[in-house]
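K.L.:
Sending over a structure as structure tokens; questions will come in a sec.
Protein chains in written order, with our numbering: chain A, 46 to 357; chain B, -11 to 626.
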């Protein structure tokens, strides 16, 4: 589905990144949406489709620092958060920040990390702070976490518990690039180096300001509130679904809708803002009944949407 | 390659529907007026161009109004000499008008039904081989069309490959084929519907046990009482003593049996004699093995085609009563009817009878005038203790003599017969009347049920220029005077249903219906359009009427709808776009809806409206007067 961007700043970011992310425009837009909604992103995809590339490019264009964690089952929480090392000269412990103290952090194959490490990560996501040895450290602002997981591999993985999935604002997948783009990529070789050439399009302060503006200025009318509630109810009363959308899920819908409206230069949300992004914001939050596990959650969401009347 | 070509199901459906309609049209083409031929062809062409080219359908409201007009016009034109043609012409126009609108499931069904009516109508004109061809075409095509129609109603966009279509049609053909064996079954029954189907299948036993026009004495020893109904008489209640239902007069005695002599009755009734209180009875007569029509004694008039009224007050139908028959008979309940002249020879006829009987007659009547002679014969039966019995009747060569002198018991036949013989032996004219006596009254529906066991014979004697009814049979047997048992009562009440069925089906009065129809038609034809002068005086009424309409409309708006401005706006918007062929789904956002519009220019216009509406709707702004004005303006542009 084509997402039309009208906001000038956002479209500038997209235009500047487009040459480096051929065929991934949709994923780029969704990532920006998640970023400006102050949420975190879960990319569920096969390896080698440009997840890292997307994250790095995003960091460059937004003028943000970038960190990366490759998860393995022996990864410790301190490998992410950092640890204190004794400094002989000062005779004290110095805190060495881990990769999480970056603006954008890519957590690769998050389902390979042990639950302990996962929960440390997720705490950071939720609280925007980490506590190490009794001391609390604020994470930098903005803070945007992109986690990836390979949906096909199950051996030696620790699937994220459902309640932790709920903390991701969106779950997307990148998918294979179109034929022509793929040909171009092969022809030109990997352009990873060229990504470093991308110069920031906006300042850090600007994106912080925009994040704030979105939360504060975009209006959700009574009608739209009702609409969101209707959707919640529909997911909760669906016969295939054991646990429907939570209140946190509802908040996520509203945040994404607000950002969507902002991207289109509107200061109010319309049903389309919800409808368009529901396939990314809702499916990973639903827990289906055991016997219906095979059902495609995205299709389920689409069918639920067909039951809910547009508020007019 | 070809087999994979897909065809829209709508196209197939339309094609078949047109063939069905055209078949129907062709079947009556030769029989309808030239104007209707032209209208039919014109409408057919118009609807073809609408369906396959322009796709600009006529509005449903207009179609419906036209339909009403056509029906009205058809009704106006109906002529009782040729009622079929206007109806078929009307149906033909109706059929093609139906094609002009955008057709939904029910419209297709209506088209098939009307086509069927037209085809059936064509059978009124001719039913040669061409009818069979038209019929088979419709028969199979309608079967197929209905199957395809169900596909179509599921999803209008369905496209089928040639293979799939062939398969569907083959399957659809099976359905009418299966019904053919049933049709064959019906074929054997239907052509015989001149008789009611029910009677044909289950012809009731002939009710001969009760009534007969041949009274034979002495050949049976017992008579079974038969409780089956012979007739029902719709009438007010009368006293039990006058419940004599006259059937046939028997005037010839051959010594054993009484029959009706085959002669013209020459009795001359006095006009005065037939006057009195008239009791009208509506009689539902069950089929039985004879042609006599019953009526309360004495019947003076009957309305039934072919019924013959004899001067001895015997009424005969023109044929044996083979099915339930309804007639109305008028009677005066008089015991004596003045008759100016009779054929005395006929009514005093006697065969050779024994001296014993002659002597008895003589001893009873010697030296008396006619009246006292009759009295003494009548009282002879009660004085000598004659008894009524249905059992152990004498089977002898001389039943009458044995009854009179030996047994002294018998059924009504013996009593009546003996009375008549004794009278005739003394030269007093007498005759036998066979009919029924008594009956159960059903107070709910107001009618008498008369059963076969009430069959009775009595005597009539001619004294002083009067035929007088005398009944020498002891009265105890009379049905109706006996109290009805509980079971019988229930039977009477249950019989009510039977009675009403008869009344509606047998008593169905075609003339009455036609009269009603004529009245209705003349009322319609009698409608005069007011002249201008008249109109003036109507103005206040018209204004008043319009005022009421407006008030109702307002009330409906306020009470029934109670829609917000927003709802009404969107409703209006959707109505306008629907005309252009765009229908918003309930779960479709306005912008997504706009995206479905193909015409870019129009899309821009719609988008402008949607955008401005959204700005008000989704920002919790209460629409101001300006807003409303602006919205309406934008809407008008759509």
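Where is the CB? At the ideal position from N, CA and C, for every residue including glycine.
(1) Under 8 Å Cβ-Cβ, which residues of chain B neighbour residue 357 of chain A?
(2) Would you please verify whether the beta carbon of residue 602 of chain B is less than 8 Å from any beta carbon of chain A?
(3) Taking the straight line between their C-alpha atoms, what separation do you get for residue 102 of chain A and residue 132 of chain A?
(4) List the residues of chain B whose Cβ lies closer than 8 Å to the Cβ of residue 266 of chain A, in chain order.
(5) Please state whether DSSP places residue 176 of chain A in a helix, a strand or coil.
(6) I need the straight-line Cα distance from residue 84 of chain A to residue -4 of chain B, nearest angstrom please.
(7) Helix, strand or coil: how does DSSP classify residue 197 of chain B here?
(8) Which whole-angstrom value is the C-beta distance of residue 562 of chain B and residue 578 of chain B, which I expect to be below 8 Å?
(9) Comparing alpha-carbon positions, which option in B/164, B/488, B/355 lies nearest residue 434 of chain B?
(10) Between which residues of its own chain and residue 460 of chain B is the CB-CB distance below 6 Å, once the five residues before and five after are set aside?
(11) Between residue 575 of chain B and chain A, is the shortest Cβ-Cβ distance under 8 Å, so that the two count as touching?
(12) Would a check of beta-carbon distances place residue 317 of chain A closer than 8 Å to chain B?
(13) Determine the direct distance from the alpha carbon of residue 135 of chain B to that of residue 30 of chain B, and round the result to whole angstroms.
(14) Is there at least one Cβ from chain B nearer than 8 Å to residue 275 of chain A's Cβ?
(15) Measuring CB atoms only, is the stretch 326 to 346 of chain A touching the stretch 276 to 293 of chain A, in the sense that at least three cross pairs come out at less than 8 Å?
(16) Is residue 450 of chain B helix, strand or coil by DSSP?
(17) List, in chain order, every chain B residue whose beta-carbon is nearer than 8 Å to that of residue 350 of chain A.
(18) Taking the alpha carbon of residue 308 of chain B as the reference point, which residue from B/258, B/277, B/437 has its own alpha carbon closest?
(19) Should residue 141 of chain B be labelled buried (16 or more other beta-carbon atoms within 10 Å of its own) or exposed?
(20) Following the continuous alpha helix (DSSP H) through residue 316 of chain A, name the residue where it begins and the one where it ends.
(21) Nearest-angstrom Cα distance between residue 240 of chain A and residue 587 of chain B?
(22) Can you give me the start and stop residues for the alpha helix (DSSP H) that residue 557 of chain B sits inside?
(23) Work out the CA separation of residue 124 of chain B and residue 169 of chain B for me, nearest whole Å.
(24) Run the CB neighbour count on residue 63 of chain A, radius 10 Å, all protein chains shown included, and call it buried at 16 or more, exposed below.
(25) Please state whether the Cβ-Cβ distance between residue 274 of chain B and residue 312 of chain B is less than 8 Å.
(26) Determine the direct distance from the alpha carbon of residue 211 of chain A to that of residue 316 of chain A, and round the result to whole angstroms.
(27) Any C-beta of chain B sitting closer than 8 Å to the C-beta of residue 353 of chain A?
(28) Please work out which residues of its chain come closer than 7 Å, Cβ to Cβ, to residue 194 of chain B, disregarding the five sequence neighbours upstream and downstream, and give them in chain order.
(29) Would DSSP call residue 127 of chain A helix, strand or coil?
(30) The stretch 300 to 313 of chain A: which residues have C-beta closer than 7 Å to a C-beta of chain B, in chain order?
(31) Do residue 239 of chain B and residue 325 of chain B have their C-beta atoms closer together than 8 Å?
(32) With 8 Å set as the bound, which would you pick, yes or no: does the beta-carbon of residue 50 of chain A sit closer than that to a beta-carbon of chain B?
(33) From residue 92 of chain B to residue 585 of chain B, what distance separates their C-alpha atoms?
(34) Residue 215 of chain A lies in the alpha helix (DSSP H); which residues open and close that run?
(35) Determine the burial state of residue 199 of chain A: buried for a count of at least 16 other Cβ atoms within 10 Å of its Cβ, exposed for fewer.
(36) Helix, strand or coil: which one does DSSP assign to residue 384 of chain B?
P.N.:
In this structure, then:
(1) Position 312 of the first chain, counted from the start, is the residue given in the question as residue 357 of chain A. Ordered by position in chain B, the residues that pass the 8 Å Cβ test against residue 357 of chain A are 554, 555, 558, 578, 605.
(2) Numbered from its first residue, the second chain carries residue 602 of chain B at position 614. Closer than 8 Å to some Cβ of chain A, the Cβ of residue 602 of chain B qualifies, so yes.
(3) Taking the first residue of the first chain as position 1, residue 102 of chain A is located at position 57. Taking the first residue of the first chain as position 1, residue 132 of chain A is located at position 87. Roughly 36 Å between the two C-alpha positions.
(4) As a working note, residue 266 of chain A is residue 221 in the first chain. Within chain B, the residues near residue 266 of chain A are 605, 606, 607, 608.
(5) For this step, residue 176 of chain A is matched to residue 131 along the first chain. DSSP places residue 176 of chain A in strand when its eight states are reduced to three.
(6) Position 39 of the first chain, counted from the first residue, corresponds to residue 84 of chain A. Position 8 of the second chain, counted from the first residue, corresponds to residue -4 of chain B. Roughly 48 Å separates the two Cα atoms.
(7) The residue given as residue 197 of chain B occupies position 209 in the second chain. Interpretation of residue 197 of chain B is limited by its pLDDT of 44, a score under 50 that renders its predicted location unreliable; the figure taken from the coordinates is listed afterwards. Residue 197 of chain B falls in the coil class under three-state DSSP.
(8) Reading the second chain from its first residue, position 574 is the one you call residue 562 of chain B. Reading the second chain from its first residue, position 590 is the one you call residue 578 of chain B. Taking the Cβ atoms as the reference, residue 562 of chain B lies roughly 10 Å from residue 578 of chain B, outside the contact range of under 8 Å.
(9) Locating residue 434 of chain B in the second chain gives position 446, where the first residue counts as 1. Closest option to residue 434 of chain B, judged by alpha-carbon separation, among B/164, B/488, B/355: B/488.
(10) Along the second chain, read from residue 1 onward, the residue named residue 460 of chain B stands at position 472. Excluding residues within five positions, the ones whose Cβ falls inside 6 Å are 366, 369, 403, 407.
(11) Numbered from 1 along the second chain, position 587 holds the residue referred to as residue 575 of chain B. Residue-level contact check: residue 575 of chain B touches chain A, since one or more beta carbons of chain A fall below 8 Å from its beta carbon.
(12) The sequence position of residue 317 of chain A within the first chain is 272, counting from 1. Interface residue, yes.
(13) Numbered from its first residue, the second chain carries residue 30 of chain B at position 42. Numbered from its first residue, the second chain carries residue 135 of chain B at position 147. Rounded to whole angstroms, residue 30 of chain B to residue 135 of chain B spans 29 Å at the Cα level.
(14) In the first chain, residue 275 of chain A corresponds to position 230, counting from 1. Chain B contact via Cβ: absent.
(15) When C-beta atoms of the stretch 326 to 346 of chain A are compared with those of the stretch 276 to 293 of chain A, three or more pairs fall below 8 Å, so the two segments count as touching.
(16) Reading the second chain from its first residue, position 462 is the one you call residue 450 of chain B. Reduced to three states, the DSSP call for residue 450 of chain B is strand.
(17) In the first chain, residue 350 of chain A corresponds to position 305, counting from 1. Those are 575, listed as they occur along chain B.
(18) For the purposes of this step, residue 308 of chain B is taken as residue 320 along the second chain, with counting starting at 1. If we check each option's Cα against that of residue 308 of chain B, B/277 comes out closest.
(19) As a working mapping, residue 141 of chain B is identified with position 153 in the second chain. In summary, residue 141 of chain B is exposed, with fewer than 16 beta-carbon neighbours lying within 10 Å of its beta-carbon over all protein chains present.
(20) Taking the first chain and counting its residues from 1, the one referred to as residue 316 of chain A is at position 271. In the DSSP assignment, residue 316 of chain A falls within the unbroken alpha helix (DSSP H) covering 316 to 326.
(21) The residue you call residue 240 of chain A lines up with position 195 of the first chain. The residue you call residue 587 of chain B lines up with position 599 of the second chain. Taking the straight line joining both Cα atoms gives about 42 Å.
(22) Residue mapping note: residue 557 of chain B aligns to position 569 of the second chain, counting from 1. From DSSP, the alpha helix (DSSP H) with residue 557 of chain B extends over 553 to 567.
(23) Your numbering for residue 169 of chain B matches position 181 in the second chain. Your numbering for residue 124 of chain B matches position 136 in the second chain. Computed Cα separation, rounded: 15 Å.
(24) The count along the first chain starts at 1 and reaches residue 63 of chain A at position 18. Under this definition residue 63 of chain A is an exposed residue.
(25) Mapped onto the second chain, residue 274 of chain B falls at position 286. Mapped onto the second chain, residue 312 of chain B falls at position 324. A contact, by the Cβ cut-off of 8 Å.
(26) Counting from one through the first chain, the residue named residue 316 of chain A turns up at place 271. Counting from one through the first chain, the residue named residue 211 of chain A turns up at place 166. Going from the Cα of residue 316 of chain A to the Cα of residue 211 of chain A covers about 22 Å.
(27) As a first step, residue 353 of chain A must be located in the first chain, where it is residue number 308. Under the 8 Å criterion on CB atoms, residue 353 of chain A is classed as interfacial with respect to chain B.
(28) Here residue 194 of chain B refers to the residue found at position 206 when the second chain is read from its first residue. Note that residue 194 of chain B has pLDDT 34, beneath the 50 cutoff, so the model's placement of it is unreliable and no number is given.
(29) Within the first chain, the letter at position 82 stands for residue 127 of chain A. Strand.
(30) For the stretch 300 to 313 of chain A, the set of residues with a beta-carbon nearer than 7 Å to any beta-carbon of chain B comprises 313, in chain order.
(31) Translated into the one-based positions of the second chain, residue 239 of chain B becomes position 251. Translated into the one-based positions of the second chain, residue 325 of chain B becomes position 337. Cβ distance not < 8 Å, so residue 239 of chain B and residue 325 of chain B don't count as in contact.
(32) Locating residue 50 of chain A in the first chain gives position 5, where the first residue counts as 1. It does not; no Cβ of chain B falls within 8 Å.
(33) The residue you call residue 92 of chain B lines up with position 104 of the second chain. The residue you call residue 585 of chain B lines up with position 597 of the second chain. Distance between the alpha carbons of residue 92 of chain B and residue 585 of chain B: 23 Å.
(34) Sequence index remark: in the first chain, residue 215 of chain A carries index 170 (1-based). Per DSSP, residue 215 of chain A belongs to no alpha helix (DSSP H); it is in the beta strand (DSSP E), 215 to 217.
(35) The residue labelled residue 199 of chain A in the question sits at position 154 within the first chain. Classification for residue 199 of chain A: exposed.
(36) Taking the second chain and counting its residues from 1, one reaches residue 384 of chain B at position 396. In the structure shown, residue 384 of chain B adopts coil according to DSSP, grouped into three states.
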